[in-house]
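**Student:** Mind having a look at this structure? Questions to follow.
2 protein chains.
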Amino acid sequence: MDASSSSSLPSPEPYTAKTIAKAAKAAFENSQLIPLSERVKALHEIRKELENAKEAILEANKRDLEAAQHDVDAGRMSITLLKRLDLNKGDKWDSMLQGVTDVANLPDPTGVVSYASELDDELELYRVSCPIGVLLVIFEARPEVVVNIAALAIKSGNAAILKGGKESTETARQLSAAIQTALSRTSLPRTYIQAIQTRAEVSALLELDQYIDLVIPRGSNSLVRNIQHNTRIPVMGHADGLCAVYLDESADLEKAVRVVVDSKTDYPAACNSAETLVIHRSLLHTVWPEVARALVAADVQLLCDAASLSSISSLTPSIPKFTSHVHPVTPSAYITEHLSLTMAVLTVDTLHAAIQHINAHSSHHTDCIVTENELAASTFCRGVDSAGTFVNASTRFADGFRYGFGTEVGISTGRIHARGPVGLEGLATYKYMLRSKGDKGHVVAEFGSGDGKKKFKHAPIEATSVPF
Amino acid sequence: MDASSSSSLPSPEPYTAKTIAKAAKAAFENSQLIPLSERVKALHEIRKELENAKEAILEANKRDLEAAQHDVDAGRMSITLLKRLDLNKGDKWDSMLQGVTDVANLPDPTGVVSYASELDDELELYRVSCPIGVLLVIFEARPEVVVNIAALAIKSGNAAILKGGKESTETARQLSAAIQTALSRTSLPRTYIQAIQTRAEVSALLELDQYIDLVIPRGSNSLVRNIQHNTRIPVMGHADGLCAVYLDESADLEKAVRVVVDSKTDYPAACNSAETLVIHRSLLHTVWPEVARALVAADVQLLCDAASLSSISSLTPSIPKFTSHVHPVTPSAYITEHLSLTMAVLTVDTLHAAIQHINAHSSHHTDCIVTENELAASTFCRGVDSAGTFVNASTRFADGFRYGFGTEVGISTGRIHARGPVGLEGLATYKYMLRSKGDKGHVVAEFGSGDGKKKFKHAPIEATSVPF
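Rendered as structure tokens:
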């Protein structure tokens, strides 16, 4: 075989991270003219196909669970992790399907005009929301995230590459196959949603900033941190959820007890649970003992600084649990995300000191003040540099569903693009469309400060969508 | 002197990149409660102090210019760069001062509510714009950028660290000194705006993502690219401005000539100038020869593909300039930002092919279609994945002032946070403030799907600012 005949038959591009990323970008670009109705249809097809393939998916899930049980028995996996894998547990399967329908029914985050101005007679500028491009979503354990993220990406018009945890490989493979089958019944490219399996592929993809526009890690602190430190692509997410509740001088006792207990105990493993309790010194013998009593009754381990420890030490004889639940704090406790029934306690002399401690130690996720004082509330909300600053409300409210977004893409502690709980809007960016309707088109050279030069008009246009 | 007495007198922290970054973060955090009026006062003080220090500043500028002249004579610097250094040229000094006043008069980008919802009776959520934190701004040559960026940062409530080009070191130092003197007459910390001098400091700062929240490079392609590749901190800006104009099948001749000539020649060194002309094949013997004639008359060098070259070759005898101005293209011309009177020309068979070429080769900055067809306009604007998609209007309109923002922080080709020309809004992020006005505060445990559980209300609140 001579060289010319061999070169006339190009060999297919090998299946590499670059091939995947290029295919995703091409799928995104080619999808820009596909109407929303087709994207919504894709979501309904996905739900249908998941129902069709239920048996195969749950069988794959069973294989993952068996392998996981093996790992649990060998002490290599926690029972909590194993439980998260089970797609047939409780109403998980049905919620997963319902989630797809819910996303289909959410308002379209794209095509929304947020700024419109007539720059000159017959020259109209529109800033309009549009998809970002290609998302790389990396998550752990829970296999239903494949479906959840695929639905969010399709609804918002973004292509996505998904990588789940190795524990759920079999399940994720079946779920992805069902999604691809569903996509093949629409005009969306099949490569719109792609799944990858290996960490090596993730590492390679994190280098490809020319194709991938946003990385969304959902999982443990170490997963997120590792990704943040290994890519130039923007990352949306949070590594830590180190939230604090501050009991202000004027804190109401009942509110203090309710808000602190809920923030700490409602779901200790969540990122929006409180890890630190900051107390104004004036409360040490009034509100604090009652809060401590309630926390200990809820089985919370308290790691106290000298002042807060000493002020409740006299209670120890009357509350036997105090002996096992109240301990002196070490400095590292104030920068630890316990994710369990453990809380670090700090005494401060002023609101300002509380704000300073929180800004220096919290992960800028969500922090709360309990106060009856409007000025203190206002000062705290502005002075604390976190995505959420709450007054007399549990940190656990920091959540996309509770905020009313209808979904949650994740929670971001970054300050660029999206911050706090992120809804579908967080998967959109915007572009500017400018249209001249003038007889001769519009050119810049006609504008300026000289004689006979045009001046810009900059008259606001009332518009919610682009009229062309 | 014994060890204990020496340790009782802590030596001042050495002046390092980390010290600077920490000081900036502290200045930012401490400034959160300082009202807008004080920030505006700071801007007026800066203008006053610049006027006071005019002589010293212009003398420093003279020293920079002399050193630069030396470099120009030695062939180490371009005369263009030298000209940019001159603070006393034309109305540059006065515009710089006026710019400070203009920024002072712009609307406050912070404190604006973009989402407000009553989650439950007496539980109110507000999403409110706020400063980002610490900006690191790196720029070249033009020393007035120090003042410009300082004004934008102060107005938007961000602390900033500024690094200018080494060519303007003396001027930048005097400008910074004036800014610091002005700040010392306000309650803003002096470390709110800091200037650094060395590249080593920049390299060190680019590592400090715990203190620095956003990097804004303003300068050459290589400067921006180098920064993008050497930091995990989000970068707002653009490396290339590779803009295209597409002449659609239905393009009007006059509009085509005007828009192409303006896009190419109004200011060839600007990032929003067109570098590529894409032509529908049907125009090769109608519109294209006239456009070519106009471009060549404006001294533009045309690098043409075979089809566009052949269709105008018959004109060469009648237009002598064609011999010196029309040349065959090489593929690299389609990915080159010429920044001069040079334009690459490509012939395509369809609108779709034009969109594909632009998506694959442009820098996603600004691209234009010249067309009389509404559907083609709409398809181009949606199908081209760029920050600006224009119809019958010069690419040169892509500019913060022309868009009506009153200022321009830069132009971003990223898709995260801000895209296209960025106004003061681009220096703001948002946070969520949640306030319970309920008698007992609000806890999550009371909400849920069970009996006696509360349901979320999610009733929109009409609000433009936070009422507490």
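Chains as they are written, first to last, in the numbering used here: chain L, 133 to 600; chain Z, 133 to 600. Note that beta-carbon positions come from the ideal geometry of N, C-alpha and C, so glycine has one too.
(1) Can you name the residues of chain Z whose CB is closer than 8 Å to the CB of residue 510/L?
(2) Going along the chain, which residues of the stretch 563–583 of chain L sit with their C-beta nearer than 9 Å to a C-beta in chain Z?
(3) Mind pulling the beta strand (DSSP E) runs of 3 or more residues that sit fully within the stretch 519–563 of chain L?
(4) Between which two residues does the beta strand (DSSP E) containing residue 601/Z stretch?
(5) Just the Cα atoms here: how many angstroms apart are residue 245/L and residue 562/L?
(6) Compile a chain-ordered list of the residues in the stretch 330–351 of chain Z whose CB is closer than 9 Å to at least one CB of chain L.
(7) Taking only runs of the beta strand (DSSP E) that begin and end inside the stretch 429–494 of chain L, which ones reach a length of at least 3 residues, in chain order?
(8) In its own chain, which residues sit with a C-beta less than 7 Å from the C-beta of residue 484/L, not counting the 5 before and 5 after it?
(9) Using a C-beta to C-beta distance shorter than 7 Å, which residues of chain L count as neighbours of residue 526/Z?
(10) Taking only the alpha-carbon atoms, compute the straight-line gap between residue 548/Z and residue 367/Z and give it to the nearest angstrom.
(11) State the CB to CB distance for the pair residue 160/Z and residue 291/Z, rounded to an integer number of angstroms; the pair is presumed to be in contact (CB under 8 Å).
(12) Do you know whose CA, among 401/Z, 520/Z and 408/Z, lies nearest residue 392/Z's CA?
(13) Check the Cβ-Cβ distances between residue 230/Z and every residue of chain L, and say whether any is below 8 Å.
(14) Mind pulling the alpha helix (DSSP H) runs of 4 or more residues that sit fully within the stretch 181–242 of chain L?
(15) Start and end of the beta strand (DSSP E) containing residue 502/L?
(16) Does DSSP classify residue 405/Z as helix, strand or coil?
(17) Per DSSP, residue 250/L forms a beta bridge with which residues?
(18) Taking 7 Å as the cut-off, is the C-beta of residue 456/Z nearer than that to any heavy atom in the ligand NAD?
(19) With residue 569/Z as the anchor, note down where its alpha helix (DSSP H) starts and where it stops.
(20) Just how far apart, CA to CA, sit residue 259/Z and residue 566/Z?
(21) In chain order, what residues of the same chain have a beta carbon less than 7 Å from the beta carbon of residue 306/L, not counting five sequence neighbours either side?
(22) Under 7 Å, CB to CB, which of the residues in the stretch 472–495 of chain L have a partner in chain Z?
(23) Compute the distance between the beta-carbons of residue 329/Z and residue 303/Z, then report whether it is under 8 Å.
(24) Let's test the definition: count the other Cβ atoms within 10 Å of the Cβ of residue 324/Z and tell me whether it reaches 16, buried, or not, exposed.
(25) Short of 7 Å in beta carbon distance, which residues of its chain neighbour residue 551/Z, apart from the five on each side in sequence? Order them along the chain.
(26) Is there a Cβ from chain Z that is less than 8 Å from the Cβ of residue 264/L?
(27) To the nearest angstrom, how far is it from the Cα of residue 508/Z to the Cα of residue 293/L?
(28) In this structure, what does DSSP give as the bridge partners for residue 412/Z?
(29) Taking contact to mean 3 or more Cβ pairs, one atom from each stretch, closer than 8 Å, check whether the stretch 499–514 of chain L and the stretch 532–541 of chain Z are in contact.
(30) So, does the CB of residue 535/Z fall closer than 8 Å to a CB anywhere in chain L?
(31) Listing by chain order, which chain Z residues have their CB less than 7 Å from the CB of residue 387/L?
(32) How close, in whole Å, do the beta carbons of residue 416/Z and residue 440/Z come, if the pair is a contact with beta carbons under 8 Å?
(33) Between the stretch 241–255 of chain L and the stretch 267–284 of chain L, do three or more beta carbon pairs fall short of 8 Å?
(34) Please list the partners that residue 514/L has in chain Z, where partner means a Cβ-to-Cβ separation under 7 Å.
(35) If we ignore side chains and look at the alpha-carbon of each, how far apart do residue 591/Z and residue 413/L end up?
(36) Counting pairs of Cβ atoms below 8 Å between the stretch 511–531 of chain Z and the stretch 475–491 of chain Z, do you hit three or more?
**Tutor:** According to the data block:
(1) Here the neighbours are 600.
(2) Within the stretch 563–583 of chain L, contact with chain Z at the beta-carbon level (separation under 9 Å) is assigned to 563, 564, 565, 566, 567, 568, 569, 570, 571, 572, 573, 574, 575, 576, 577, 578 and 579.
(3) Positions of the beta strand (DSSP E) runs, each at least 3 residues long and wholly inside the stretch 519–563 of chain L, are given as 520–523, 542–544 and 552–554 in order along the chain.
(4) Here chain Z has residues from 133 to 600 only, and residue 601/Z is not among them.
(5) In a straight line, the C-alpha of residue 245/L is about 9 Å away from that of residue 562/L.
(6) Against chain L - using a Cβ distance shorter than 9 Å - the residues of the stretch 330–351 of chain Z are 341, 345 and 346.
(7) With a minimum length of 3 residues, the continuous beta strand (DSSP E) runs that stay inside the stretch 429–494 of chain L are 433–436, 458–460 and 474–480.
(8) None.
(9) Near residue 526/Z (Cβ distances below 7 Å), the residues of chain L are 574, 575 and 576.
(10) Roughly 10 Å between the two C-alpha positions.
(11) Rounded, the Cβ-Cβ distance is 4 Å, consistent with contact.
(12) Taking residue 392/Z as reference, the option from 401/Z, 520/Z and 408/Z with the minimal CA-CA separation is 408/Z.
(13) The beta carbon of residue 230/Z does not come within 8 Å of any beta carbon belonging to chain L, so the residue lies off that interface.
(14) List check, alpha helix (DSSP H) in window: 186–205, 211–217 and 224–237.
(15) Its beta strand (DSSP E) spans residues 498–502.
(16) Residue 405/Z: coil per DSSP, three-state reduction.
(17) Residue 250/L pairs with 256/L and 591/L.
(18) As presented, the structure is devoid of all ligands, the ligand NAD included, so that no description of it is given.
(19) Here residue 569/Z belongs to no alpha helix (DSSP H), and DSSP marks it neither H nor E.
(20) Whole-angstrom Cα-Cα distance: 9 Å.
(21) Excluding sequence positions up to five before and after residue 306/L, its CB lies within less than 7 Å of the CB of 185, 188, 189 and 192, all in the same chain and listed in chain order.
(22) Within the stretch 472–495 of chain L, contact with chain Z at the beta-carbon level (separation under 7 Å) is assigned to 491.
(23) Pairing residue 329/Z with residue 303/Z gives a Cβ-Cβ distance that is not under 8 Å.
(24) Classification of residue 324/Z: buried, given that the 10 Å Cβ count is 16 or more.
(25) Here the set comprises 519 and 544.
(26) Judged by the 8 Å Cβ criterion, residue 264/L is in contact with chain Z.
(27) One C-alpha to the other measures close to 31 Å.
(28) Paired residues: 480/Z.
(29) At 8 Å Cβ cutoff, the stretches do not touch.
(30) The beta carbon of residue 535/Z sits closer than 8 Å to some beta carbon of chain L.
(31) Chain Z residues near residue 387/L: 572 and 573.
(32) That pair is a contact at about 7 Å.
(33) The answer is no - the stretch 267–284 of chain L does not touch the stretch 241–255 of chain L, with fewer than three Cβ pairs under 8 Å.
(34) For a Cβ distance threshold of 7 Å, residue set 164 and 165 of chain Z lies close to residue 514/L, ordered along the chain.
(35) When rounded, the separation of the alpha-carbon atoms in residue 591/Z and residue 413/L is 38 Å.
(36) The stretch 511–531 of chain Z is in contact with the stretch 475–491 of chain Z.
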